[in-house]
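Novice: Residue numbers (my numbering): -6 to 565.
1) So if DSSP puts residue 549 in a beta bridge, which residue, or which two residues, is it bridged to?
2) Please look up how many angstroms separate the CB atoms of residue 461 and residue 468, rounded, as I've assumed it's under 8 Å.
3) Which residues in the same chain have their Cβ closer than 7 Å to the Cβ of residue 147, if we skip the five residues on either side of it in sequence?
4) Less than 8 Å between the beta carbons of residue 493 and residue 506, yes or no?
5) Around the C-beta of residue 527, are 16 or more other C-beta atoms found within 10 angstroms, so that it is buried, or is it exposed?
6) Have a look at 131, 32, 30, 35 and flag the residue whose alpha-carbon is nearest the alpha-carbon of residue 75.
7) Which ranges would you report for the alpha helix (DSSP H) in the segment 420 to 474 if only whole runs of at least 4 residues count?
8) For residue 442, does the count of other Cβ atoms within 10 angstroms reach 16, so buried, or fall short, so exposed?
9) Distance, Cα to Cα, residue 4 vs residue 389?
10) Ignoring anything shorter than 4 residues or poking outside the segment 23 to 93, list the alpha helix (DSSP H) runs there in chain order.
11) Just how far apart, CA to CA, sit residue 56 and residue 514?
12) In the structure shown, what three-state DSSP assignment does residue 122 receive?
13) Using 10 angstroms around the beta-carbon of residue 532, count the other beta-carbons present and answer buried if the total reaches 16, otherwise exposed.
14) Buried or exposed: which applies to residue 453, given that a residue is buried once 16 or more other Cβ atoms fall within 10 Å of its Cβ?
15) Could you give the first and the last residue of the continuous alpha helix (DSSP H) run that contains residue 6?
16) For residue 63 versus residue 21, is the C-beta spacing smaller than 8 Å?
17) If you reduce the DSSP assignment to three classes, tell me which class residue 265 lands in.
18) So is residue 274 buried or exposed if we call it buried at 16+ other beta carbons inside 10 Å?
19) Which first and last residues belong to the alpha helix (DSSP H) in which residue 201 is found?
20) Going along the chain, which residues of its own chain have a beta-carbon closer than 6 Å to the beta-carbon of residue 174, five neighbours each way excluded?
21) Could you name each continuous beta strand (DSSP E) segment of 3 residues or more that falls completely within the segment 92 to 177, going from the start of the chain to the end?
22) Where do the ends of the beta strand (DSSP E) carrying residue 353 lie?
23) Leaving out the 5 sequence neighbours to the left and right, which residues in its chain are closer than 6 Å to residue 141 when beta-carbon positions are compared?
24) Suppose contacts are defined by Cβ-Cβ distances below 8 Å. Is residue 433 in contact with residue 414 by that definition?
25) Suppose you measure from the CA of residue 11 to the CA of residue 17; what does that come to, to the nearest Å?
26) Nearest CA to the CA of residue 422: which residue from 445, 435, 399, 393?
27) Rounding to the nearest angstrom, what Cα-Cα distance links residue 398 and residue 431 in this structure?
28) Could you compute how far the alpha carbon of residue 100 sits from the alpha carbon of residue 225?
29) Three-state secondary structure (DSSP) at residue 377?
30) For the segment 225 to 242 and the segment 321 to 332, state whether three or more C-beta atom pairs, one from each stretch, are separated by less than 8 Å.
31) For residue 19, is the classification buried or exposed, using 16 other Cβ atoms within 10 angstroms of its Cβ as the cut-off for buried?
32) From this set, -4, 52, 159, 552, which residue's C-alpha is nearest residue 9's C-alpha?
33) Taking C-alpha atoms, which residue in 58, 112, 122 lies nearest to residue 84?
34) Just reading off the beta strand (DSSP E) that residue 555 is part of, what are its end residues?
35) Between residue 134 and residue 72, which are expected to be in contact by the criterion C-beta below 8 Å, what is the C-beta distance as a whole number of angstroms?
36) Let me know the secondary structure DSSP gives residue 16 once reduced to three states.
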C-alpha cells in the first residue's frame, strides 16, 4: 500500500494588505505519495510557491481554512478565537504597562518619590501579570513551532529558487552544511576530545603568530623588528632625537617640492622635447602625475600633451609597487614612536583584549575533522568534484550549478522523506539543468525521497514527474499522471500551456501560440471559473465555481463546461 507523505485539503489563505485581504489560494487539494515525484506547474503568481511555504510553516499569509498533513500529522496551527482575544488584550495591556512604568520611574526620580514609586511598582505588577497571561496563552503555539522546527530539514526539506539568496555568503560551505546537521543532531561523534579542543583554542593566538611566521617569514620578521624598535625607542630616553631623524625625509620632501615649483615657474614657456619627442609648451599649471608605471603630462586647460610608460626593466616599475606600503609603514612607526608609552601600551592592551576572545572562540568553533569528512561525503553524494576543496569555499566562489548542488546536498543531509524543489533549475543553463534533474532522480531512487517539483517548464515536468498538478489563479484546475496530462489534457488552461511549449513536431520558422489576456488581479478574482474571466467570457461560469471532478480514473479536472470544450479554445 502506497503511503501518503503530504496531503493538502481545501487550503485557503489570504494576505492582508492596505487595500484589504487578497486571496492567494482557494481550496487547493494536493497529494504526494511516498517515493513519488509530483509536479506543480502553472504561470508565475498562480500560488505554487505559496502552497509550498504554507506546507512547511514559512508563509506570512493568514490561513482561513484547510488542512496540511505530513504522514497524518497536522502541520497547520490555528489558535482558538478565545486565545487569540486573550493574546491581543495581553499585548495591549503589556504595552501600556511598560510605558506607564517608565513614566512612573522617571517621575519617582524627578518629582515625588513616595507616590510615584508605589505607582511604578503597581504598573510593574500589572505588566508582569499581563505578560504571563499572554505567554501561557501561547503555550500550544510554541509547542507547534518546536514541532515544525523538527519537521523542517529533518523530515521535509526545501530547495529554494535562487541558491545565492538561500546560502549565507559569510560562511563556508562546510560550516553551513554542518550547521543543518547539528540542528537536527545528525553529526557523527567528534574525534577530538572536548578538553583538547578547549586547550587548543586557548593556545590559538600563539599558533596564529607561529603560523604567520611560517607562511610569511620576511614580512613577519620586519613587523616584529619594527615593534621591538618602537619599544626600544620609547624606553631609551632618546625619543626626540629619533623623531628628528624620522622627520628629516618629510622636511626634505617639502623642500624638494618647493624647489620643483620654483623651477617650474622659472622654466615657464620652455619647450620639453626629450621625453616624448613632441614639443610641449610648459606653463605655470603644468602637472606631472606619476601613477604606478605611467606618466602623464597635462598642460593648460586640462589638455593632455603627452603620455609615456616606463619600460618593464625600469627600476620605477618595481619600486612603485612598494611605495604605498612603505609610506604607510613609515607613518605608522612614526606615530607609534611619537605617542607616549602609556597611551601606546593602552591601545595595544585594548586591541589584544578585543581580539583574543574572538580568536579563541573562532578556533573553538572550528569543525572537527570527523565532521569535515562527513560534510565532504555529503558533497560527494551530490556528485560534486573535489568535495574537499568545495567544502572550504564560500558561496560566491562557486558557479550556479555548484551552488545548487550544495543546496541539494544540504537539504538531503538529514535524509528527509519529502523534498520540495521550488524552480531548482531556473537560473541554470540547459546542460547544468539536466545534471541537476538527473541528480534529483538518482537521490529519489537511492533514498526513496518523495519530491514536490515546482516549475513552469513543462519540459522539466515531462522528464521528471510521475504525476502533475496544474494550478491557475490560486486553484488546482487539473491533476493526472504525466502521460495522461500530455496525451489527453481536459482543461483549456492545460491545453494552452502545452500549445505554448515547443515540440519536435513544430515546423521550422513557425510562431508558437500564446494564451490571450493576463491573470486577473487577485483582488478582482471572480467566484466562478477564473480562466473564463481571463478569456473575457460571460455567463453562469463566472458566478458559480465549477466542481473538481474525477473525469476518469486518476484524472481530476475543474468541470467548467466551456473550458472542457476543446472547440472553444482560442489562442493567439
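All C-beta atoms, glycine included, are put in the ideal place defined by N, C-alpha and C. In this text the structure is predicted, and so the values were computed from the model without any measurement.
Specialist: If we stick to the structure as given:
1) 472, 543
2) No, residue 461 and residue 468 are not in contact; Cβ-Cβ is about 15 Å, not under 8 Å.
3) 177, 407, 409
4) yes
5) buried
6) The residue among 131, 32, 30, 35 with its C-alpha nearest the C-alpha of residue 75 is 131.
7) 423 to 440, 451 to 457
8) buried
9) 38 Å
10) 41 to 48
11) Their Cα atoms are separated by approximately 20 Å.
12) helix
13) exposed
14) buried
15) First-last for residue 6: -3 to 10, but that is the beta strand (DSSP E), not the alpha helix (DSSP H).
16) Taking 8 Å as the Cβ cut-off, residue 63 and residue 21 do not qualify as a contacting pair.
17) Here the model assigns residue 265 a pLDDT of 45, short of 50, so the residue's position is not dependable and the matter cannot be decided.
18) Model confidence at residue 274 stands at a pLDDT of 43, short of 50, so the residue's coordinates are unreliable and nothing is read from them.
19) 197 to 208
20) 180, 406
21) As far as the segment 92 to 177 is concerned, its whole beta strand (DSSP E) runs of at least 3 residues are 149 to 152.
22) Element bounds for residue 353: not the beta strand (DSSP E) but the alpha helix (DSSP H), 334 to 357.
23) 50
24) Closer than 8 Å, so yes.
25) Distance between the alpha carbons of residue 11 and residue 17: 15 Å.
26) 393
27) 11 Å
28) 58 Å
29) coil
30) At 8 Å Cβ cutoff, the stretches touch.
31) buried
32) 52
33) Comparing Cα positions, the closest option is 122.
34) Counting along the chain, residue 555 sits inside no beta strand (DSSP E); it lies in the alpha helix (DSSP H) bounded by residues 554 to 557.
35) 6 Å
36) DSSP places residue 16 in strand when its eight states are reduced to three.
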